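Sequential numbering from 1 applies to the sequence shown in the numbering used here.
Don't be surprised by glycine CBs; every beta carbon is placed ideally from N, CA and C.
A quick note: this is a predicted structure, and the numbers were derived from the prediction, not measured.
Below is one structure, written out as structure tokens; the observations come after it.
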Amino acid sequence: MSGTSADGVDCAIVDIVRAQSRLTIKLLASQTVAYPPGLRQRVLSAPTQGTVAELCHLNAAVGEVFARAALRTIHRARLEPKDIGLIGSHGQTVYHQPVPRREPKVGAVRSTLQIGAPAIIAERTGITTVADFRARDMAAGGEGAPLTPYAHHLLFQSKRRSRLIVNLGGIANVTFLPAGGGLDDVRAFDTGPCNMLLDGLMVKGTGGTQRIDRNGRLAGRGRSHASLLKILLSHPYLAKRPPKSTGREEFGDPYVVGVLRQARTKRLSLEHLLATSCDFVAATIVEACAWLNGDVDEVILGGGGVKNRALMNALRQAFEPRPVRTMDQVGVDSNAFEALAFAVMAYQTLHGAPTNVPAVTGARHAVVLGTVVPGKKNIPSYRLR
Ligand SMILES: Nc1ncnc2c1ncn2[C@@H]1O[C@H](COP(=O)(O)OP(=O)(O)O)[C@@H](O)[C@H]1O
Ligand SMILES: [Mg+2]
1 MSGTSADGVD CAIVDIVRAQ SRLTIKLLAS QTVAYPPGLR QRVLSAPTQG
51 TVAELCHLNA AVGEVFARAA LRTIHRARLE PKDIGLIGSH GQTVYHQPVP
101 RREPKVGAVR STLQIGAPAI IAERTGITTV ADFRARDMAA GGEGAPLTPY
151 AHHLLFQSKR RSRLIVNLGG IANVTFLPAG GGLDDVRAFD TGPCNMLLDG
201 LMVKGTGGTQ RIDRNGRLAG RGRSHASLLK ILLSHPYLAK RPPKSTGREE
251 FGDPYVVGVL RQARTKRLSL EHLLATSCDF VAATIVEACA WLNGDVDEVI
301 LGGGGVKNRA LMNALRQAFE PRPVRTMDQV GVDSNAFEAL AFAVMAYQTL
351 HGAPTNVPAV TGARHAVVLG TVVPGKKNIP SYRLR
């Protein structure tokens, strides 16, 4: 999978065994394969500046990159494509419109577009590939996101403690797992911008020489600015009631430019601006807890943002006195988690099991997600265990 940061293709090889209706999930290998130079930028600018010809081309090019990333991961794990039962590919989101748009004579339409043609992945690898997970949930009236709560429930549900799982990706999203709850009790939504803002400020604030605030070093040297923080917290998305999901359409470049402009009128240096943004992200996540159906006992963090120490400190402070740990600290590789989640969803799709959580996406009912492209072995002969 590749998230909204478009920083690279996260690959995970997962062993999944089903006994009765319980799944046992084991991560065998994982890696992130970077996009070739230039491709990331084109993927990011395609939605606003690209032509249909460019998007058509990128869909295939990203498919090739995903196929290669899968093959490299398989070989590095000393396996062969024939050892792999199926691939789940989230693809690369280029556009996501969860709020229905009215189309004359058609009605309300929600849409989402993930590129990285699964036909190319299936053809290059010979492995049956499940993709386009979000579309079916949307067709059933859902937001098409977030989808990882299904896997959060499988891996992190506790009988005695209510847990909040926080993914610090381009966008931050939370999943609440109330103590002893079932899948229907799970609540989850996108809280707002995270690395999309921090990365955007770095790129624009350094004239493009630095893409990320590595380990949060710059932010760690700055101090939060109270009045800018207040302005940032007044964004209308934050006050919206879930179900809700968001992306680059709302918090992309124009938003980042607006934040930079505000900081300039206050003569704020980049480090103070980054420190303020880390506090902002932490505050949006803590304030989002007001929408949950219970109190949080402990917090578990995943996504690339766990490597940003300033952001981690801001979150620890904001959640005090509740314990805050990373997925790695509870035995799950935080870099691999999202890719693992789509492997599990793909497995369930081939077993005819739904993996959306209607209480989370707002879909009218549970649906089996994805589009299946058969590999060399045709689907009926796919060995179900
Ligand atoms: N060493 C690091 N220091 C600071 N931030 C990091 C580091 N490594 C990754 N990140 C952040 O994590 C982001 C990628 O996170 P990821 O969870 O892959 O997001 P997405 O799901 O949107 O692709 C990077 O764009 C960057 O902002
Ligand atoms: Mg990523």
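- Residue 167 counts as buried, since at least 16 other C-beta atoms from the protein chains shown sit within 10 angstroms of its C-beta.
- With a cutoff of 6 Å, residue 3 counts as near ligand 2, since its C-beta is closer than that to a heavy atom of the ligand.
- Under DSSP, the beta-bridge partners assigned to residue 173 are 167 and 190.
- Classified as exposed, residue 290 has fewer than 16 neighbouring CB atoms from the shown chains inside 10 Å of its CB.
- Under the 8 Å Cβ criterion, the region 296–304 counts as touching the region 312–320, having at least three qualifying pairs.
- In the three-state reduction of the DSSP assignment, residue 125 falls in the helix class.
- Using a C-beta cut-off of 8 Å, the region 349–361 makes contact with the region 141–152, since at least three inter-stretch Cβ pairs fall below that distance.
- In the structure shown, residue 97 adopts extended strand secondary structure according to DSSP, grouped into three states.
- Within the region 251–298, the complete alpha helix (DSSP H) runs of at least 4 residues fall at 253–265 and 270–288.
- Here residue 293 is exposed. Its C-beta has fewer than 16 other C-beta atoms within 10 Å.
- Within the model, the alpha-carbon separation for residue 322 versus residue 297 is close to 6 Å.
- As a beta-bridge residue in DSSP terms, residue 112 pairs with 96.
- In this structure residue 221 is in contact with residue 271, their Cβ atoms being roughly 5 Å apart against a cut-off of 8 Å.
- For residue 82, the Cβ stays outside the 6 Å cut-off from all heavy atoms of ligand 1.
- Boundaries of the beta strand (DSSP E) around residue 325: 324–326.
- Contact annotation: residue 142 and residue 362 have beta-carbon atoms nearer than 7 Å.
- Placement of the Cβ of residue 213 at a distance of 6 Å or more from every heavy atom of ligand 2 is found.
- Residue 346: member of the alpha helix (DSSP H) spanning 337–350, first to last residue.
- The closest heavy atom of ligand 1 lies less than 6 Å from the beta carbon of residue 308.
- In this structure, the alpha-carbon of residue 214 lies about 7 Å from that of residue 308.
- When the beta-carbon positions are compared, residue 277 and residue 306 stay at least 7 Å from each other.
- The alpha carbon of residue 22 has as its nearest neighbour, out of 348, 367, 190 and 374, the alpha carbon of 348.
- Annotation: the continuous beta strand (DSSP E) that includes residue 16 extends over 9–19.
- Around the beta carbon of residue 80, fewer than 16 other beta carbons lie within 10 angstroms, which makes this residue exposed.
- Residue 98 is classed as buried because its beta carbon has at least 16 other beta carbons within 10 Å across all chains shown.
- When the beta-carbon positions are compared, residue 59 and residue 117 come within less than 7 Å of each other.
- At a cut-off of 6 Å, the beta-carbon of residue 293 does not count as near ligand 1: no heavy atom of the ligand is closer than that.
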